[in-house]
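Take any residue in the sequence shown, note its place counting from 1, add 167, and you have its number in the numbering used here.
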Amino acid sequence: MVLVMSVEPGFGGQKFQARVMPKVDQLRKKYKDLDIEVDGGVGLGNIDQVAEAGANVIVAGTAIFGAESPSDVITKLRSIVQGSLDK
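Set out below in structure tokens:
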């Protein structure tokens, strides 16, 4: 597994930095079976971008804990990542 941080490490609630997605894309192209985890600022507003880049493990603390319905957010995030993997 490789962890790609999409925020500056240290505290939750930071804004997602899309500039790291090319790293995810490069890793996925080179290592088809590798678990690639993205941590930081991931939520419903950018999960498509993260999944399309090739991440298959997502850390989404603020997006889940700050939601009215955490279980709904988890279901949607999983669905989008799984849909991307099925392509």
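The beta-carbon is built from N, C-alpha and C at its ideal position, and this holds for glycine as well.
Looking at the structure shown, is residue i part of a helix, part of a strand, or coil, going by DSSP?
i, result
"residue 192", "helix"
"residue 204", "strand"
"residue 170", "strand"
"residue 249", "helix"
"residue 199", "coil"
Assuming residue i and residue j are in contact, meaning their beta carbons sit under 8 Å apart, how far apart are those beta carbons, in whole angstroms?
i, j, result
"residue 207", "residue 173", "4 Å"
"residue 211", "residue 243", "6 Å"
Using the C-alpha atoms, what's the distance from residue j back to residue i?
i, j, result
"residue 169", "residue 223", "11 Å"
"residue 227", "residue 200", "22 Å"
"residue 198", "residue 183", "24 Å"
Please work out which residues of its chain come closer than 7 Å, Cβ to Cβ, to residue i, disregarding the five sequence neighbours upstream and downstream, and give them in chain order.
i, result
"residue 247", "214, 215, 218"
"residue 181", "174, 175, 207, 208"
Enumerate in chain order the residues of its own chain whose CB-to-CB distance from residue i is below 8 Å, with the five nearest sequence positions on each side excluded.
i, result
"residue 171", "187, 190, 191, 194, 203, 204, 205, 206, 222"
"residue 230", "209, 210, 211, 240, 244"
Let me see if you follow: with CB-CB separation under 8 Å, is residue i close to chain C or not?
i, result
"residue 224", "Here chain C cannot be found, since the structure has a single protein chain."
* Of all the beta strand (DSSP E) runs that stay within the bounds of the region 207 to 246, which reach a length of 3 or more residues? -> DSSP assignment within the region 207 to 246 yields the following whole beta strand (DSSP E) runs of 3 residues or more, N-terminal first: 224 to 226.
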